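Worksheet: one structure, shown below.
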Amino acid sequence: MPTVTAETTSIAKQYVQSVYETVIKRNPHESEFHQAIKEILDSLTPVFAKHPKYMNHGILERIVEPERVVSFRVPWVDDSGKPQVNRGFRVQFNSAIGPYKGGLRFHPSVNASIIKFLGFEQIFKNSLTGLPIGGGKGGADFDPKGRSDNEIMRFTQSFMTELYKYIGPDEDVPAGDIGVGAREIGYMFGQYKRIRGGHEAGVLTGKGIIYGGSLTRTEATGYGCVYFVNEMLESKGLSFQGSKVVVSGSGNVSIYAMDKVNQLGAKVVACSDSNGYIYDPNGINLQTVKRLKEVERKRISEYVNEHPHAAYTEGCSGIWSIPCDIALPCATQNEIDEESAKLLIANGVKAVGEGANMPSTLEAIDAFLHNNVLFGPAKAANAGGVAVSALEMSQNSMRLSWTFEEVDAKLHAIMKNIYQNSVRAAEVYGQSGNLVVGANIAGFIRVADAMVAQGVV
Ligand code: NDP
């Protein structure tokens, strides 16, 4: 193996910088995509310095360019009879280690930059799970808020009428993300089945249990994030028991992160939605949150009507001013900026686990790392969802269903493994304790080796 010298490090740095500049030039105005690329590329310099073969095979130039990007019109008719048009996307980023795999997001902010950042992150996250899944992501700039069930059904059917051409159990397997839960997956699966004329269960994950879904998939991302943070805490002789926790969001990831936090004997004192946050010093009543958000699809502000001792504050970022031992950002990208990170640090936060994708800005991550806050980056800490999606695909192929306990045990083992692999990679490349670098490198090497083996494709 070549030795690392000042010269090889300098060559590696120049290589990484030139690829980054090409990405900026080729994808102008895509700030979220640039941010995701920068975070990963910065960590990979020591890998190229140690293994120049990855430069010789053009791995970086190839990995930053999606294998395929599809963008399409989604026409549908609203309840008043008015035609509406949205824009749909599917980015098939990398299939070196398996079929493209990644969720669909329905949110008005969706654009090419958001889907590309998510798809790029997904390559490394999926690799970290150790399972045979490539990276992809998709969605539409559709806002499900305030839409009737019938409107959701017509929109998702129209979306799938175009998307079905590009997906399949061995090609590309979408799942849920923001705005896409069991209801939307159900409608999309129905439309896919109708068009294809067969019950290809493995084409989507996050399905209902009665038609091919996996037990524990609903809980997987939130549970997995807490399992990961628990590993970080245990490494320092700490635990969730008796801790005060702040969890942003009140969607799928957030709700099941709160559930597991409660099971481990900690208290969640705050959560939020896109309008504001609630603070309940007695501990958030999760049953109320679940009913409000999952069943009645209401605003989190309504929580205080049933729990008058709790307080509601308009606006999301203030949630990070609440003192806590552990912070779990589980809502959306860039929700913790440098200022919020500094507030958390000043208030004594010990650990941060990213349940959402890229919830911390690059400056916020630096602040956590420089202040010795245990930091679990998204692509490692929230990989539990896609890991159980891959287990759903396995069950679909075998035409059987594992129990909740079996899947949960596999999820727990996968999260431990991701933690250990990230710790080890950080150590090997001289950045002990930095799980951002460790996760990026561990995820990258598996994909890069597969790309080397498969030639320039
Ligand atoms: P949901 O749609 O179920 O929930 C999202 C939550 O975040 C809602 O409470 C929503 O509030 C809130 N939110 C959305 N946008 C904003 C915003 N701009 N500011 C503040 N809060 C906001 O999505 P998920 O729970 O599935 O996803 C949450 C995050 O986790 C995303 O980053 C997603 O990519 C990531 N993720 C999800 C996985 C999964 O398995 N679902 C897997 C891995 C990562 P409101 O109710 O007002 O819309």
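Numbering (our numbering), first residue to last: 1285 to 1741.
From the three backbone atoms N, C-alpha and C, an ideal C-beta is built for every residue, glycine too.
On a predicted model such as this, the values are computed, not experimentally measured, just so you know.
For the ligand NDP, a non-hydrogen atom lies closer than 7 Å to the CB of residue 1463. Sequence-distant Cβ neighbours of residue 1603 in its own chain, meaning closer than 7 Å and more than five residues away, are 1530, 1532, 1554, 1556 and 1561. Exclusion of the five residues before and after residue 1634 leaves 1609 as the residues of its chain whose Cβ lies within less than 6 Å of its Cβ. The alpha-carbon of residue 1499 is positioned some 27 Å away from that of residue 1376.
Excluding residues up to 5 positions away in sequence, 1631 lie with their Cβ nearer than 6 Å to the Cβ of residue 1607 in the same chain.
Under the DSSP assignment, residue 1371 falls in the beta strand (DSSP E) whose first and last residues are 1367-1378. Inter-residue distance for residue 1516 and residue 1726 is about 17 Å (C-alpha atoms, whole angstroms). Secondary-structure assignment with DSSP links residue 1388 through a beta bridge to 1422. The segment 1709-1720 makes no contact with the segment 1389-1399: fewer than 3 CB pairs, one atom from each, lie closer than 8 Å.
Comparing C-alpha distances from residue 1331 to each of 1295, 1357, 1362 and 1312 shows the shortest one belongs to 1295.
Between residue 1324 and residue 1292, the alpha-carbon positions lie close to 19 Å from each other. For residue 1458, the secondary structure class from DSSP, reduced to helix, strand or coil, is strand. Excluding the 5 residues flanking it on each side, residue 1595 has same chain C-beta neighbours closer than 6 Å at 1563, in chain order. Non-local C-beta neighbours of residue 1646 in its own chain, meaning closer than 8 Å and more than five positions away in sequence, comprise 1319, 1322 and 1323, ordered along the chain. DSSP lists 1551 as the bridge partner or partners of residue 1528. Comparing C-alpha distances from residue 1452 to each of 1465, 1460 and 1489 shows the shortest one belongs to 1489.
Unbroken alpha helix (DSSP H) runs of no fewer than 4 residues, entirely contained in the segment 1641-1669, are found at 1646-1654 and 1662-1665, following chain order.
Judged by DSSP secondary structure, residue 1596 falls outside any alpha helix (DSSP H) and instead within the beta strand (DSSP E) spanning 1595-1598. Taken from the Cβ of residue 1375, every heavy atom of the ligand NDP lies 7 Å or farther away. By the neighbour-count definition (other C-beta atoms within 10 Å, threshold 16), residue 1409 is a buried residue.
Per DSSP, residue 1576 lies in no beta strand (DSSP E) segment and is marked neither H nor E.
Here residue 1688 is exposed: its Cβ has fewer than 16 other Cβ atoms, across all protein chains shown, within 10 Å.
One Cα belongs to residue 1589, the other to residue 1542, and the distance between them is close to 21 Å. Secondary-structure assignment with DSSP links residue 1717 through no beta bridge to anything.
Pairing residue 1311 with residue 1724, the inter-Cα distance amounts to about 22 Å.
Residue state for residue 1320 is assigned as helix, using DSSP reduced to three classes. Spatial neighbours of residue 1605 in its own chain (CB-CB distance under 6 Å, excluding positions within 5 residues in sequence) are listed in chain order as 1627.
Note on residue 1493: under 16 other CB atoms within 10 angstroms of its CB, so exposed under the neighbour-count rule.
Taking non-hydrogen atoms of the ligand NDP into account, the C-beta of residue 1557 is found less than 7 Å away from one of them. A direct Cα-Cα distance of roughly 20 Å separates residue 1527 from residue 1655. The beta carbon of residue 1448 sits closer than 8 Å to the beta carbons of 1475, 1476, 1479 and 1480 from its chain, once the five residues preceding and following it are set aside; these are given in chain order. Within its own chain, the residues whose Cβ lies closer than 6 Å to the Cβ of residue 1705, once the five positions on either side in sequence are excluded, are 1726, listed in chain order. For residue 1379, the shortest C-beta to heavy atom distance toward the ligand NDP is 7 Å or greater.
In the three-state scheme derived from DSSP, where H, G and I count as helix and E and B as strand, residue 1604 is classed as helix. For residue 1534, the shortest separation between its Cβ and any heavy atom of the ligand NDP lies below 7 Å.
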